[in-house]
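Quick notes on the structure that follows.
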Amino acid sequence: MLNNAGSKPDAMTRAANVRIPDAASLADAARVLTDGGLIAFPTETVYGLGADATNARAVASIFATKGRPSFNPLIVHVSDAAQARSLGQFSPSADRLAEAFWPGPLTIVVNRHPQSPIADLVSAGLPTLALRVPAHPIAHALLQAVGRPIAAPSANRSGHVSATHAAHVAADLGDRVAMILDGGATPLGLESTIVDATGDEIVVLRPGAISTAALEAVIGRRIARAKSNPTAPASPGQLESHYATAAPLRLDATHVEPGEALLAFGNNVPQHSGAQFNLSSTGDLIEAAANLFAALRALDTPQIMAIAVMPIPQHGLGEAINDRLRRAAAPRKT
Ligand code: TXA
Ligand code: MG
1 MLNNAGSKPD AMTRAANVRI PDAASLADAA RVLTDGGLIA FPTETVYGLG
51 ADATNARAVA SIFATKGRPS FNPLIVHVSD AAQARSLGQF SPSADRLAEA
101 FWPGPLTIVV NRHPQSPIAD LVSAGLPTLA LRVPAHPIAH ALLQAVGRPI
151 AAPSANRSGH VSATHAAHVA ADLGDRVAMI LDGGATPLGL ESTIVDATGD
201 EIVVLRPGAI STAALEAVIG RRIARAKSNP TAPASPGQLE SHYATAAPLR
251 LDATHVEPGE ALLAFGNNVP QHSGAQFNLS STGDLIEAAA NLFAALRALD
301 TPQIMAIAVM PIPQHGLGEA INDRLRRAAA PRKT
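Letter by letter, the sequence shown follows residues 1 to 334 of this note's numbering.
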């Protein structure tokens with residue numbers, strides 16, 4: 001299956017999961033994604049670590065693979081603007097930016113359509129989606145082959161710099177990823193520019209491969225830079241607009257108070273007749289991460305006083321789950 005027939009002699013030094021992109025490897029990669037696996041692939045900016053964006057469990061495994069201690073929202077890669085429009089709501093300015101810069105290194109944050117099939121975990125429970133149509137031919141071919149949106153952060157281990165060569169991806173992630181499509185060096189080597197186009201004004205959330213001046217030339221007026229850069233790598237996961245529940249959370253609960261809903265984990269669940277959601281009755285942290293945001297949304301109704309949250313182990317994805325729950329449980333800034 002994973003032979004490198006047709007590749008250059010330096011294939012001898014490649015890890016088994018590094019493949020030359022051709023029709024066969026792209027078809028294999030599409031199958032891996034459809035089956036819920038992870039593929040590292042080149043874009044014009046940096047390599048991405050991709051999963052089927054509609055498969056919450058596959059998306060959860062991105063965080064496990066990167067060793068990310070928190071759930072940063074991810075960029076959703078699509079094959080064209082029409083697919084992007086089927087997932088999110090485009091304002092006139094968002095439309096103009098998409099027309100001018102797609103395919104290309106611009107990520108546009110828009111409100112998600114209520115019926116969008118994208119997993120909640122992709123946007124860390126936010127009502128928005130960060131969308132991008134990559135220009136790289138291999139990224140494009142992969143998106144066409146799989147026919148689904150691909151959620152992908154940069155293909156590096158958490159805390160490391162973004163990978164711009166397949167060898168960097170292999171060094172960082174090794175065989176934790178099913179396949180690395182080797183497209184050589186990524187042409188730009190700098191991440192995409194991210195703009196928030198959900199409001200009346202376009203705001204640059206992350207400066208990147210497309211300059212603010214180029215954006216302003218298309219929009220026809222000055223564009224603001226986010227005051228405190230909410231996506232700065234110095235504070236991963238500290239995005240201020242993370243989904244917060246209206247009901248307070250009570251962590252490490254071993255019993256349920258009257259009026260509380262229960263967010264359970266594992267099979268040793270306290271007696272409770274009201275609303276409850278078990279993140280994973282088998283104690284599987286990847287399944288729990290995949291369910292987290294949908295569970296919070298489901299339990300967070302006006303009828304309840306609080307959400308009692310059972311203890312979640314602090315290993316593997318438990319670290320990111322607990323980080324998210326602790327921030328949701330912290331006193332609110334109003
Ligand atoms: O060039 C790139 O953008 C690369 C390639 C692979 O496409 N991807 C990349 O992904 O740099 P990542 O995960 O390293 O950075 C994604 C950034 C994060 O800072 C995240 O906070 C922001 O996108 N982001 C994602 N969804 C968002 C949303 N709904 N609202 C605001 N920011 C969002
Ligand atoms: Mg990154």
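Glycine residues also receive a C-beta, built at the ideal position from the N, C-alpha and C atoms. What you are looking at is a predicted structure, and each value in this text was computed from that prediction instead of being measured.
1. Residue range of the beta strand (DSSP E) that isoleucine 219 falls in?
2. Since phenylalanine 265 and asparagine 278 should fall inside the 8 Å C-beta cutoff, what is the C-beta to C-beta distance between them, to a whole number of angstroms?
3. Cα separation between alanine 16 and arginine 176?
4. For chain C, find out if any of its Cβ atoms is closer than 8 Å to the Cβ of asparagine 267; answer yes or no.
5. Taking arginine 176 as part of the alpha helix (DSSP H), name the residues at either end of that continuous run.
6. Can you check whether the CB of alanine 29 is closer than 8 Å to the CB of leucine 142?
7. What does the alpha-carbon distance come out to for the pair leucine 188 and alanine 124?
8. So valine 76 packs on alanine 130, CB below 8 Å; how close in whole Å?
9. Consider the C-beta atom of proline 153 and the heavy atoms of the ligand MG; say whether any pair is separated by less than 7 Å.
10. Would you say arginine 132 touches the ligand TXA, meaning its beta carbon is less than 7 Å from a heavy atom?
11. Look up alanine 226 in the DSSP assignment and give the residues it is bridged to.
12. Check whether the Cβ of serine 123 sits closer than 7 Å to any heavy atom of the ligand MG, and report yes or no.
13. With a Cβ-Cβ cutoff of 8 Å, do leucine 296 and glycine 318 count as a contact?
14. Measuring straight from C-alpha to C-alpha, what distance separates arginine 222 and glycine 174?
15. Does the ligand TXA have even one heavy atom less than 7 Å from the beta-carbon of isoleucine 62?
16. The beta strand (DSSP E) that contains isoleucine 194, what's its start and end?
17. Note down, in chain order, each residue of its chain lying with its Cβ closer than 8 Å to the Cβ of aspartate 172, except the 5 sequence neighbours on either side.
18. Whole angstroms are fine: how far does the CA of threonine 107 sit from the CA of threonine 245?
19. Thinking just about the alpha-carbon of each residue, which of Thr34, His140, Asp196, Arg31 is nearest to the one in arginine 112?
20. Any heavy atom of the ligand TXA within a distance shorter than 7 Å of the CB on threonine 45?
21. Check each candidate in Ile219, Thr43, Val256, Val59 and name the one with the smallest Cα separation from alanine 73.
22. When we look at the beta-carbon of threonine 186 and count the other beta-carbons within 10 Å, is it buried (16 or more) or exposed?
23. In three-state terms, what does DSSP make of glutamine 314?
24. Kindly indicate the opening and closing residues of the beta strand (DSSP E) around alanine 40.
25. Assuming phenylalanine 63 and alanine 288 are in contact, meaning their beta carbons sit under 8 Å apart, how far apart are those beta carbons, in whole angstroms?
26. Considering only residues of the same chain and omitting the five flanking positions on each side of valine 169, which have a CB-CB separation below 6 Å?
27. Under three-state DSSP, which class holds valine 161?
28. Return yes when at least one heavy atom of the ligand TXA lies under 7 Å from the C-beta of proline 207, else no.
29. Any heavy atom of the ligand TXA closer than 7 Å to the CB of histidine 77?
30. Could you tell me if the beta carbon of asparagine 268 falls within a distance shorter than 7 Å of some heavy atom in the ligand FMN?
31. Quick check on the DSSP output: what are the complete alpha helix (DSSP H) runs of length 4 or more inside the region 62–99, in order along the chain?
32. Short of 8 Å in beta carbon distance, which residues of its chain neighbour serine 235, apart from the five on each side in sequence? Order them along the chain.
33. Starting from arginine 31, trace the alpha helix (DSSP H) both ways and give me its first and last residue.
34. Closer than 7 Å to a non-hydrogen atom of the ligand MG - does that hold for the CB of serine 162?
35. Taking the straight line between their C-alpha atoms, what separation do you get for alanine 145 and alanine 27?
Concretely, from the data shown:
1. Annotation: isoleucine 219 is outside any beta strand (DSSP E); the continuous alpha helix (DSSP H) that includes it extends over 212–219.
2. Rounded, the Cβ-Cβ distance is 7 Å, consistent with contact.
3. In this model, alanine 16 and arginine 176 are separated by some 12 Å (Cα to Cα).
4. The chain labelled as chain C is not found in the depicted structure, where only one protein chain is given.
5. Per DSSP, arginine 176 belongs to no alpha helix (DSSP H) and is neither H nor E.
6. Yes, they are a contact pair.
7. Take the alpha-carbon of leucine 188 and the one of alanine 124: they are about 27 Å apart.
8. Distance from valine 76 to alanine 130 at the Cβ level is roughly 6 Å; contact confirmed, criterion being Cβ atoms closer than 8 Å.
9. Answer for proline 153: yes, Cβ within range of the ligand MG.
10. A heavy atom of the ligand TXA is found nearer than 7 Å to the CB of arginine 132.
11. Partner(s): none; alanine 226 has no beta bridge.
12. Flag unset: Cβ of serine 123 not near the ligand MG.
13. Cβ distance not < 8 Å, so leucine 296 and glycine 318 don't count as in contact.
14. Rounded to the nearest angstrom, the two C-alpha atoms are 44 Å apart.
15. No; taking the cut-off as 7 Å, the Cβ of isoleucine 62 has no heavy atom of the ligand TXA nearer than that.
16. Per DSSP, isoleucine 194 belongs to the beta strand (DSSP E) from 193–196.
17. Excluding sequence neighbours, aspartate 172 sits near Ala155, Asn156, Arg157, His160, Ala163.
18. The straight-line gap separating the alpha-carbon atoms of threonine 245 and threonine 107 is approximately 27 Å.
19. Out of Thr34, His140, Asp196, Arg31, Asp196 has the C-alpha closest to the C-alpha of arginine 112.
20. Annotation for threonine 45 indicates a beta carbon within 7 Å of some heavy atom of the ligand TXA.
21. One detail in the question is off: residue 73 reads as proline in this sequence, not alanine. In terms of Cα proximity to proline 73, the closest of Ile219, Thr43, Val256, Val59 is Val59.
22. Of the residues assessed, threonine 186 falls on the buried side of the cut-off, its CB having 16 or more other CB atoms within 10 angstroms.
23. Assigned with DSSP and collapsed to three states, glutamine 314 falls in coil, not helix or strand.
24. Boundaries of the beta strand (DSSP E) around alanine 40: 39–42.
25. Contact between phenylalanine 63 and alanine 288 is absent: CB atoms are separated by about 11 Å, not below the 8 Å threshold.
26. Contacts found: Ala40, Tyr47, Ala155, Ala163, Ile180.
27. In this structure, valine 161 counts as coil in the three-state DSSP scheme.
28. For the ligand TXA, not one heavy atom lies less than 7 Å from the Cβ of proline 207.
29. Checking every heavy atom of the ligand TXA against the Cβ of histidine 77, one is found closer than 7 Å.
30. The model on display carries the ligand TXA and the ligand MG but not the ligand FMN.
31. 81–87, all fully within the region 62–99.
32. Bear in mind that a pLDDT of 33 at serine 235, under 50, signals an unreliable position, so the number given afterwards is only what the model happens to contain. Excluding its 5 nearest sequence neighbours in each direction, serine 235 has no C-beta neighbour in its own chain below 8 Å.
33. Where arginine 31 is concerned, the enclosing alpha helix (DSSP H) stretches over 23–34.
34. Taken from the Cβ of serine 162, at least one heavy atom of the ligand MG lies inside 7 Å.
35. Take the alpha-carbon of alanine 145 and the one of alanine 27: they are about 7 Å apart.
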